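First up is the structure itself, then whatever we jot down about it.
In the numbering used here, the protein residues as written are 98 to 840.
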């Protein structure tokens with residue numbers, strides 16, 4: 098049969114996975130099959146993905162690329178071939194075909210070109226494939242792929258070029274080639290068809306090397322991978338779409354894959370960094386190690402360990418500073434479940450945690466979990482894990498200490514049990530709102546059965562006011578917490594709570610309570626708070642108080658006794674109680690306050706009589722007044738009414754009248770006390786401006802003190818609009834003794 102020209106061209110226009118076998122006689126190269134007989138029975142697992150081999154019509158003629166005639170006992174199914182092996186080795190089957198054709202043809206054959214439209218499998222797809230082998234003027238190998246898709250990742254215009262190749266029947270070698278895949282990567286490989294092995298080396302940069310060794314001599318594929326100084330940024334295409342991107346760092350990796358039954362992997366990362374576009378997840382200067390061993394029997398059985406040695410991470414809302422953290426675990430993996438049979442985590446600054454878990458892969462949820470920890474440092478636990486979840490509210494600004502132990506259990510993707518103990522715990526608010534010390538607690542919670550909790554506190558503070566030790570006992574149910582009556586000592590009195598009941602509904606907790614404030618000495622109370630010393634006693638009744646949806650509400654009136662009179666707070670509402678800026682609304686009524694007790698407390702000057710105070714529509718934002726309508730007036734009734742000259746001066750300063758304007762006649766400066774009929778002053782605060790008024794109108798002003806008796810004296814104010822800050826400044830000067838002198 099006449100020989101063909103200087104090269105042989107094979108063109109397949111349809112998908113090779115659907116093409117029928119083409120007989121050799123159609124190509125008029127009957128000698129090729131005979132010379133390729135040495136490749137017979139190779140059992141190469143990739144032959145199902147290469148161009149379907151031409152075969153003679155006679156069943157007895159050997160197949161072109163090795164192996165017996167196709168039959169049920171010998172044929173390898175495409176879907177059963179490992180993905181990595183299929184993708185990498187397909188090209189080298191082309192080269193095997195090239196060798197067979199070149200060495201089977203006449204010596205004058207100088208070039209072979211293979212062209213295919215498509216190669217498909219369940220896990221990858223290659224389109225627009227062209228392979229070329231040229232023998233003159235020197236041996237070159239070229240492969241181009243218009244588009245390659247592997248496990249959802251797509252590459253366009255891939256190319257391998259070997260300008261100085263070495264081709265023999267049992268060896269194909271590329272010493273100085275390169276791979277084009279968006280960037281040019283130096284490439285070297287050695288393919289040995291008879292030994293059924295392939296070695297590939299990529300050297301993207303001077304100190305960076307990626308080396309893979311594939312061997313299927315015994316049939317199943319064994320693969321080894323070594324990476325030295327690999328750039329972490331090369332892993333970005335393989336990361337999930339919305340995950341943070343690696344921006345720097347290098348890693349070393351050593352891995353071995355044996356016949357889809359065993360995997361060993363170890364890696365070390367240095368100076369790595371990552372971030373996302375929103376800046377909510379970032380890490381820098383990261384260093385650590387990872388090790389994994391897995392074997393497949395009826396399912397995968399694995400052991401893994403990870404050590405994070407250096408670097409810091411922000412993963413909103415958590416910030417994890419540089420510290421050593423170690424995790425080790427073992428378990429199993431199958432199509433349905435990822436099971437962690439046993440695991441332990443050593444967290445620097447916190448302690449050790451042991452746990453086991455089951456992850457439902459099909460549903461994407463944590464199905465089962467058991468965790469236990471002993472002697473965890475509360476300071477580290479709070480700052481690293483709890484504080485970020487509590488936000489900027491009151492509970493997110495604490496300094497805590499002590500240790501804690503606990504355990505939890507998750508069943509059917511729901512929390513089933515929780516147990517916690519605290520030893521010698523303490524907590525203090527950063528702004529001094531409250532504090533607790535000497536806390537020992539033992540609490541348990543069960544999703545089905547009621548449990549008990551006990552808390553013992555040695556001491557505490559409430560806005561600088563010392564609290565004595567107290568004991569608290571509660572019953573915990575799945576959606577309800579009931580605290581038994583408790584008494585909290587406060588100086589020589591106490592806060593007695595009749596009980597607290599908290600319920601959980603629609604994802605929100607709500608609670609309610611009632612109680613009483615047992616008499617507390619005002620003198621001790623004010624001295625402890627470093628206020629001007631007051632006299633008398635403070636006591637009160639606390640009606641039903643409820644809390645829900647970040648808001649507190651008093652149903653009824655809070656009743657207190659102070660300055661030998663009464664104070665009633667009504668319509669009390671507090672919004673965002675534990676948030677950044679709580680808002681308080683209330684109405685306040687004070688009746689028959691003893692002016693002598695009140696003015697002596699503030700060194701205001703002597704006043705005798707009784708006083709009523711009304712504060713309506715009071716509104717506080719972050720505990721600062723923003724709106725109210727307040728009025729101070731003499732109480733009705735028959736009682737001694739006297740005011741000292743010093744008190745007149747201070748009232749004049751607050752009203753803005755000036756000391757001289759408050760005195761009707763200059764000779765009154767010789768008197769220490771004056772009689773009066775009535776006292777009255779009002780302030781309507783809105784938009785940081787106080788609208789001032791008094792008992793009655795006066796020329797160009799208003800009367801604050803209306804004189805009566807002998808000698809009589811009246812105080813008149815002239816400023817009707819005063820800035821709130823200015824008014825506070827005036828009151829501050831009075832309290833500090835910086836008062837004008839009446840001449």
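Where a beta carbon is used, it is the ideal one built from N, C-alpha and C, also for glycine.
The structure displayed is predicted, hence computed values, not measured ones.
Range of the contiguous beta strand (DSSP E) that encloses residue i
| i | result |
| --- | --- |
| residue 213 | 208 to 217 |
| residue 707 | 707 to 718 |
| residue 640 | 634 to 645 |
| residue 318 | It is not in any beta strand (DSSP E) - residue 318 carries neither H nor E in the DSSP assignment. |
| residue 427 | 422 to 430 |
| residue 231 | 221 to 231 |
| residue 628 | Where residue 628 is concerned, there is no enclosing beta strand (DSSP E), given that its DSSP letter is neither H nor E. |
| residue 278 | First-last for residue 278: undefined, no H or E at that position. |
| residue 409 | 397 to 412 |
| residue 416 | 415 to 417 |
| residue 726 | 721 to 731 |
| residue 511 | 511 to 526 |
| residue 788 | 786 to 791 |
| residue 241 | 237 to 247 |
| residue 586 | 583 to 587 |
| residue 660 | No beta strand (DSSP E) contains residue 660, which DSSP labels as neither H nor E. |
Spatial neighbours of residue i in its chain, beta-carbon cut-off 6 Å, leaving aside the 5 residues before and after
| i | result |
| --- | --- |
| residue 253 | 244 |
| residue 544 | 513, 575 |
| residue 185 | Residue confidence for residue 185 is low, a pLDDT of 49 falling below 50, so the modelled location carries little weight and cannot support an answer. |
| residue 684 | 667, 668, 713 |
| residue 511 | none |
| residue 227 | 212, 241 |
| residue 415 | 485 |
| residue 704 | 692, 696, 740, 744 |
| residue 729 | 710, 778 |
Chain-order list of residues whose beta-carbon lies under 8 Å from that of residue i (same chain, five-residue window excluded)
| i | result |
| --- | --- |
| residue 397 | 391, 429, 430, 431 |
| residue 652 | 640, 641, 642, 643 |
| residue 582 | 593, 594, 595, 596 |
| residue 678 | 718, 719 |
Contact under 7 Å by Cβ, residue i with residue j
| i | j | result |
| --- | --- | --- |
| residue 775 | residue 803 | yes |
| residue 454 | residue 424 | no |
| residue 363 | residue 351 | yes |
| residue 688 | residue 663 | yes |
| residue 333 | residue 304 | no |
| residue 420 | residue 445 | yes |
| residue 798 | residue 772 | no |
| residue 686 | residue 665 | yes |
| residue 550 | residue 540 | yes |
| residue 293 | residue 314 | yes |
| residue 346 | residue 382 | no |
Extent of the continuous alpha helix (DSSP H) run through residue i
| i | result |
| --- | --- |
| residue 622 | 619 to 625 |
| residue 484 | 484 to 487 |
| residue 476 | 475 to 478 |
Cβ-Cβ separation, residue j to residue i (assumed contact under 8 Å), whole Å
| i | j | result |
| --- | --- | --- |
| residue 569 | residue 587 | The pair is not a contact, with the Cβ atoms about 16 Å apart (cut-off 8 Å). |
| residue 300 | residue 306 | 5 Å |
| residue 692 | residue 707 | 7 Å |
| residue 502 | residue 447 | That belief does not hold up - the Cβ atoms of residue 502 and residue 447 are roughly 12 Å apart, past 8 Å. |
| residue 572 | residue 547 | 6 Å |
| residue 499 | residue 536 | 7 Å |
| residue 634 | residue 618 | 6 Å |
| residue 262 | residue 238 | 4 Å |
| residue 741 | residue 770 | 5 Å |
| residue 320 | residue 354 | 4 Å |
Per DSSP, cross-strand counterpart(s) of residue i
| i | result |
| --- | --- |
| residue 666 | 655, 685 |
| residue 537 | 553 |
| residue 456 | 435, 463 |
| residue 844 | This structure leaves residue 844 out entirely; the chain is present only between 98 and 840. |
| residue 610 | 597, 642 |
| residue 366 | 348, 385 |
| residue 813 | 800 |
| residue 490 | The partner list for residue 490 (beta bridge, DSSP) is empty, contrary to what the question assumes. |
| residue 741 | 770 |
| residue 574 | 577 |
| residue 442 | 424, 450 |
| residue 313 | Residue 313 pairs with nothing; no bridge assigned. |
| residue 563 | 558 |
Close-in-space but distant-in-sequence residues of the same chain around residue i (CB under 7 Å, 5 per side omitted)
| i | result |
| --- | --- |
| residue 467 | 452, 453, 506 |
| residue 167 | Bear in mind that a pLDDT of 38 at residue 167, under 50, signals an unreliable position, so the model cannot answer this. |
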